[in-house]
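Notes to accompany the following structure.
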Ligand code: KIV
Ligand code: ZN
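Numbering (the numbering used here), first residue to last: 379 to 767.
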């Protein structure tokens, strides 16, 4: 693998879908899978085949029909899960089995009632079985964020010896903060002797709003795969948002020195599709894809944007496939944006008196909130009538 490339592993149709109030139909999953493939992700995790016949069928159909990315399915470290996953993925050109077991003291004691050694034995067995279906096997230490690094090192070394080619470090409950999570990744790199045989992946949940920050900190510490979902949908507060990590690495490339294969111009369209089909509205001020992400309201900002776009925009809307930014006409707007809008509407400077128009605009904006083009037309018309009388 090119060390400067970060693998984007999309789990919208697995971790994202499992958090929806109502499951997606197979047709909807296929529609999303095609859009995500077009977005340029390297790997897409599309389901948990053992969980239901419907999920098995959807994973199989995606494996048959969607070309480009590696198609991945999830399996607990259990024989029946690995078999179901291997069978569902069989038609894929490129396939990955992702198997996992919990490693944190809390999960081992209360959920699994197993020792770390017992859980590791199960993982090793599962990885070896998965290898009979594909060379590409990913192993996750569930709740790694709350697992001591020495315990992670023990499990990971054995998982790599068993054949895992990607080692995923999930912050399953979104508990860590960026410096701490980066230390976990650095600790793994230091303490696992065979770590160079695998790619380190991260999978961060957003319970404290840190999923993106933790994923980026992990990349800085040496991780080279990020697991994420479109619009950050997922369990509880969601997963790391794909569009945010992709645009961070694109916009700040000089800082991180890494690239992804994401075609950023597909981001906006994919975000809208996922939001609509999953019935999960995108928060208005969400980074990158929110309705306000490229909207400017204050007069000072609008004036700056009209002089040079990069005064108040660090990315262009076209970079994410949005047609243009938006300059809202409100009582915070200044004369410059009104003149700009009048020109866009086909008026020349001689057709109106800017100061008069602006005074009338402000009175209306204070009453109405947002002023539209047809309001400006009415203001000009009234002015012309007054001049004639
Ligand atoms: O959050 C998590 O730990 C997971 C694993 C199955 C990778 O989703
Ligand atoms: Zn998860």
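Glycine included, every Cβ here is placed at the ideal spot set by N, Cα and C.
State yes or no: is the C-beta of residue i nearer than 6 Å to some heavy atom of the ligand ZN?
i           : result
residue 753 : no
residue 393 : yes
Determine the direct distance from the alpha carbon of residue j to that of residue i, and round the result to whole angstroms.
i           : j           : result
residue 502 : residue 536 : 7 Å
residue 426 : residue 643 : 30 Å
residue 632 : residue 623 : 15 Å
residue 705 : residue 420 : 36 Å
residue 436 : residue 388 : 16 Å
residue 749 : residue 698 : 27 Å
residue 442 : residue 395 : 20 Å
residue 663 : residue 721 : 29 Å
residue 447 : residue 541 : 21 Å
residue 452 : residue 418 : 21 Å
residue 668 : residue 654 : 14 Å
residue 393 : residue 691 : 32 Å
residue 685 : residue 738 : 25 Å
residue 379 : residue 574 : Its pLDDT being 48, under 50, residue 379 is placed unreliably in this model, and the value from its coordinates should be taken loosely. Straight-line Cα distance between these residues: approximately 11 Å.
residue 480 : residue 444 : 31 Å
residue 561 : residue 554 : 10 Å
residue 568 : residue 405 : 45 Å
residue 493 : residue 531 : 15 Å
residue 762 : residue 726 : 14 Å
residue 767 : residue 673 : 39 Å
residue 529 : residue 485 : 13 Å
residue 402 : residue 496 : 36 Å
residue 755 : residue 695 : 28 Å
residue 509 : residue 700 : 42 Å
Is residue i near the ligand KIV - that is, is its Cβ less than 6 Å away from at least one heavy atom of it?
i           : result
residue 517 : no
residue 548 : yes
residue 426 : no
residue 423 : no
residue 581 : yes
residue 434 : no
residue 478 : yes
residue 520 : yes
Identify the residues that DSSP records as bridge partners of residue i: which are they?
i           : result
residue 451 : 475
residue 617 : 583
residue 569 : None, per the DSSP bridge assignment.
residue 708 : DSSP, once it has assigned bridges, lists no residue as partnering residue 708.
residue 678 : Residue 678 is not bridged to any residue.
residue 551 : None; residue 551 has no bridge partner.
residue 653 : Answer by DSSP bridge pairing: none, since residue 653 is not bridged.
residue 345 : Because the chain in this structure spans residues 379 to 767, residue 345 falls outside the shown range and cannot be described.
residue 422 : 388, 449
residue 544 : 516, 577
residue 383 : 637
residue 673 : 704
residue 596 : Note: residue 596 sits in no beta bridge, so no partner.
residue 480 : 520
Can you list, in chain order, the residues of its chain with a C-beta nearer than 8 Å to that of residue i? Leave out the 5 residues immediately preceding and following it.
i           : result
residue 751 : 719, 723
residue 512 : 464, 467, 473, 474, 475
residue 681 : 712, 714, 715
residue 742 : 749, 753, 757
residue 557 : 595
residue 613 : 393, 396, 397, 583
residue 400 : 657
residue 768 : No information on residue 768 is available, as it lies outside the stretch 379 to 767 that the chain covers here.
Could you pull out every residue in the same chain whose Cβ sits closer than 6 Å to the Cβ of residue i, ignoring the five residues on either side in sequence?
i           : result
residue 638 : 384, 386, 624, 627
residue 710 : 675, 676, 677
residue 582 : 549, 589, 592, 593, 618
residue 679 : 690
residue 765 : none
residue 504 : 455, 460, 477
residue 616 : 584, 610
residue 518 : 478, 546, 548
residue 470 : 441, 449
residue 736 : 713, 716
Using C-beta distances below 7 Å, list every residue in its chain close to residue i, excluding the 5 sequence neighbours before and after it, in chain order.
i           : result
residue 390 : 410, 414, 607, 608, 611, 652
residue 747 : 708
residue 693 : 625, 629
residue 665 : 622, 671
residue 457 : 507
residue 544 : 516, 576, 577, 579, 603
residue 527 : 562, 565, 566, 569
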